[in-house]
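Student: Please read through the structure below; I'll follow up with questions.
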RNA sequence: GCCGACGUGGCGCAAUCGGUAGCGCACCUGUCUUGUAAACAGGUGGUUAGGGGUUCGAGUCCCCUCGUCGGCUCCA
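Numbering (the numbering used here), first residue to last: 325 to 995.
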């Protein structure tokens, strides 16, 4: 046996080691780490490998720990295999789809005659624990295409994957088949008998005994390979971690997250509701939510004035012709409410005497703004022309996707359209991005990333060169911002590419907020023109942009971001006055008057509850400031603060208390 | 739209095999006048989402519609 030299990376002690030729990664690790089994796989020359991988001369080897992102993905993917084995044990007719790791867990898709029930899930969990107890080995084996087809003859979906054999052929399918050779993982019992096998790239943990800290979460249907035209498979989601503690921590995190769900808080804090009588996805704002929304809008208006926007208003319905010109009826009709057919007249025989015409609720504001631009001749001197509107739009979202305030059917965009020359375009976009990020920061949001959506090859208007130029310009500006930029292939609107700001809700779902879209196409369709210095007619470039995205969605994101604990400037009620007894109400009403005079939203709780109960109520309403007054305070002309964290500050002169509160509101700080 | 689960006073929940719809909070009325997260007592409020069916009898079983939740697909 000849010796080979390998380079160990990411471990303490000697970096280079000599080992005999057939030595595996696992054997080397066992020598170094002894009883420590936290290295569950390795990166060999940058590629993830099983511990059973045999080393070659010059290999660079780095342990993959079970608490690293790679390590967790391997644990999750291996757990998915155990799930699949359990499913085929209990449901022998189940056909396998794919089973990749995902954030916090994994899933596996199955074709079964009957959907799984919650009861099935607990049975499967038990079966999985049995498999884990058996300490089956994950054993890798390279196979030829024909061999794989042979072995997986009973698995139609796997056969389809063998045909693709490309990592990007299907979302998630990269874990089954890679760009290189095909491999099968056999699950071997301790007597080396075959328990189960699956087509898989790996790597895996060495044996099922490395697993066990998992929980099956839910079952859902999912289209095979993500296409609506394919059959639906039953998908089982699970979570899996390297330790019992981590699993517990994650489950607790989910419970906490559920508490800050805007739908729950919206109810508890009396912000808004979705009356069944109105219809799905159509919200009403209650007074407290109304305050929040009004404050948001007021501040937004102020910022738009400062940034050179002009304010316009447009109707909610329009004749079909407008959306024919814009292309919406060709490209977006699925998202539009059906038309209202008006003004048709029939004669006595029922023949059409007057055909009438269709009116549509608007799903977007841009065509309206284009008409404002086109209302008279425009000079280059007016550009950039920035038209702003809180425009309410209606979109017929599919019934299954409506989701509280984050995905409604009627919502209001802080929408503006900027008309400028090609020369002005880039500066305008750069300024816009600065404006967006600044405004989001003012609302306390900093945790987001940018996404660049380019042309959907099946759904676009305009020519390739124009799209190419628009996309490149957006990419340049986005890159200059220094934020993470994630590509979103094919995600653009039909009229132009976009940059969007993505943020996550309490449960980790990603939502688009701000969007900046560059559009060379609608100006063309609407025949928009301005007169250039040389007297020629030129076509403006159009930029669509919304900073909140939709006010409703932004309210939801803010509510979840703050878990309902809004900073004073956004809090629906900023101060509650709490008298120690009824006799102190009048004194507090005077204090309230002073606060009200400075624009503070204040209430005095004059109900017949006891003081302690009033404190409890204000605390549950997450009111930033409680001002308490009793005989002691009145004697000194003072009030006593109780803050949301339960701390207090007693005997504060009224004027000082007012100043403290007003300062916090004006500076938009969190308290 | 698709798959699954679910829908009981304003809110959160209970109701055994199909057999009188209950509880807590909120709300209303009284008594109490109290110093930092729930005073006490009494009271009002439900055609069990809506419609149809099975049954002597339906919150409970079946069908349709509406709505909600979790995913998938699709989007601010």
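By construction, the Cβ of each residue, glycine as well, lies at the ideal position given by its N, Cα and C atoms. Model, not experiment: these values are computed from the prediction.
On the DSSP bridge assignment, give the partners of residue 463 in chain order.
Tutor: Bridge partners of residue 463: 510.
Student: In three-state terms, what does DSSP make of residue 360?
Tutor: Of the three classes helix, strand and coil, the one that applies to residue 360 here is coil, per DSSP.
Student: Here's the rule: buried if 16 or more other CB atoms are within 10 angstroms of the residue's CB, otherwise exposed. What is residue 781?
Tutor: The residue is exposed, with fewer than 16 neighbouring Cβ atoms inside 10 Å.
Student: Going along the chain, which residues of its own chain have a beta-carbon closer than 8 angstroms to the beta-carbon of residue 691, five neighbours each way excluded?
Tutor: Cβ within range, chain order: 642, 646, 647, 649, 650, 652, 846 and 850.
Student: Ends of the beta strand (DSSP E) at residue 1010?
Tutor: Not covered by the structure: residue 1010. The range shown for the chain is 325 to 995.
Student: In angstroms, rounded to a whole number, what distance separates the CA positions of residue 828 and residue 580?
Tutor: So the alpha carbons of these two residues sit roughly 15 angstroms apart.
Student: From what residue to what residue does the beta strand (DSSP E) around residue 875 run?
Tutor: Unbroken run through residue 875 is the alpha helix (DSSP H), 875 to 885; no beta strand (DSSP E).
Student: For residue 387, report the span of its beta strand (DSSP E) as first-last.
Tutor: Counting along the chain, the beta strand (DSSP E) containing residue 387 begins and ends at 384 to 389.
Student: Is it the case that the CB of residue 398 approaches a heavy atom of the ligand PLP more closely than 7 angstroms?
Tutor: Ligands in the displayed structure: none, and consequently the ligand PLP is not present.
Student: Mapping the DSSP letters down to three states, classify residue 978 as helix, strand or coil.
Tutor: Helix, per DSSP.
Student: Quick check on residue 492: buried or exposed, where buried means 16 or more other Cβ atoms within 10 Å of its Cβ?
Tutor: Note that residue 492 has pLDDT 44, beneath the 50 cutoff, so the model's placement of it is unreliable and the number below is only indicative. Exposed, since its Cβ has fewer than 16 Cβ neighbours within 10 Å.
Student: Give the DSSP bridge partners of residue 669, in chain order.
Tutor: Bridge partners of residue 669: 678.
Student: In this structure, what does DSSP give as the bridge partners for residue 711?
Tutor: According to DSSP, residue 711 bridges with 634 and 741.
Student: Please report the straight-line C-alpha distance between residue 894 and residue 620, rounded to a whole angstrom.
Tutor: Their Cα atoms are separated by approximately 8 angstroms.
Student: Alpha carbon to alpha carbon, what distance is there between residue 633 and residue 615?
Tutor: Rounded to the nearest angstrom, the two C-alpha atoms are 24 angstroms apart.
Student: Taking Cβ to Cβ, would you say residue 349 is nearer than 8 angstroms to residue 385?
Tutor: Contact flag set, yes.
Student: Grab me the residues of residue 628's own chain with a C-beta within less than 7 angstroms of its C-beta, minus the 5 sequence neighbours each way, in chain order.
Tutor: Within the same chain, residue 628 has close Cβ partners 712.
Student: Could you spell out where the alpha helix (DSSP H) holding residue 845 opens and where it closes?
Tutor: 845 to 849 is the extent of the alpha helix (DSSP H) around residue 845.
Student: Among residues of its own chain, excluding the 5 on either side of residue 956, which ones have a beta-carbon nearer than 7 angstroms to its beta-carbon?
Tutor: Once the five neighbours on either side are set aside, residue 956 has no close Cβ partner at all.
Student: Judging by CA-CA distance, which residue of 915, 932, 930 and 667 is the nearest neighbour of residue 924?
Tutor: The option with the nearest alpha carbon to residue 924 is 915.
Student: Between the region 857 to 865 and the region 888 to 903, do three or more beta carbon pairs fall short of 8 angstroms?
Tutor: Output reads no: the region 888 to 903 does not touch the region 857 to 865.
Student: Is it true that the CB of residue 463 sits closer than 8 angstroms to the CB of residue 510?
Tutor: Yes, they are a contact pair.
Student: Do the region 463 to 473 and the region 585 to 597 touch if we need at least three Cβ pairs shorter than 8 angstroms?
Tutor: Contact between the region 463 to 473 and the region 585 to 597 is absent, because fewer than three Cβ pairs lie under 8 angstroms.
Student: Should residue 399 and residue 566 be called a contact, given that it needs their Cβ atoms to be closer than 8 angstroms?
Tutor: Yes; because the gap between Cβ atoms is below 8 angstroms, this pair is in contact.
Student: If you count every other CB in all the chains shown that lies within 10 Å of the CB of residue 479, and 16 or more means buried, which is it?
Tutor: Residue 479 comes out buried.
Student: Give the C-beta separation of residue 413 and residue 451 to the nearest angstrom, bearing in mind that I take them to be a contact with Cβ-Cβ under 8 angstroms.
Tutor: Rounded, the Cβ-Cβ distance is 6 angstroms, consistent with contact.
Student: Could you spell out where the alpha helix (DSSP H) holding residue 401 opens and where it closes?
Tutor: Counting along the chain, the alpha helix (DSSP H) containing residue 401 begins and ends at 393 to 414.
Student: When burial is assigned at 16 or more other CB atoms within 10 Å of the CB, is residue 678 buried or exposed?
Tutor: When all chains shown are included, residue 678 counts as exposed.
Student: Nearest by alpha-carbon distance to residue 561: which of 811, 544, 979 and 968 is it?
Tutor: For residue 561, the nearest C-alpha among the options comes from 544.
Student: From residue 967 to residue 537, what does the alpha carbon distance come to, in whole angstroms?
Tutor: Cα-Cα distance, rounded: 41 angstroms.
Student: What's the C-alpha gap between residue 495 and residue 549?
Tutor: For residue 495, the predicted structure reports a pLDDT of 46, less than 50, and the residue's modelled location is therefore unreliable. A value from the coordinates is still provided. Each residue's alpha carbon lies about 7 angstroms from the other.
Student: Indicate whether the contact test is met: 3 or more Cβ pairs, each with one atom in the region 603 to 617 and one in the region 900 to 911, closer than 8 angstroms.
Tutor: Because the criterion of three Cβ pairs below 8 angstroms is not met, the region 603 to 617 and the region 900 to 911 do not touch.
Student: Does the beta-carbon of residue 664 have 16 or more other beta-carbons within 10 angstroms, so that it is buried, or is it exposed?
Tutor: Its Cβ having fewer than 16 others within 10 Å, residue 664 is exposed.
Student: Which term fits residue 404, buried or exposed, when burial requires 16 or more other beta carbons within 10 angstroms of its beta carbon?
Tutor: Buried.
Student: Can you tell me which of 797, 362 and 409 puts its alpha carbon nearest to the alpha carbon of residue 387?
Tutor: Ranking the options by Cα distance to residue 387, first place goes to 362.
Student: Relative to the C-alpha of residue 918, which candidate in 341, 981 and 532 has its C-alpha closest?
Tutor: Of the candidates 341, 981 and 532, the one whose C-alpha sits nearest the C-alpha of residue 918 is 981.
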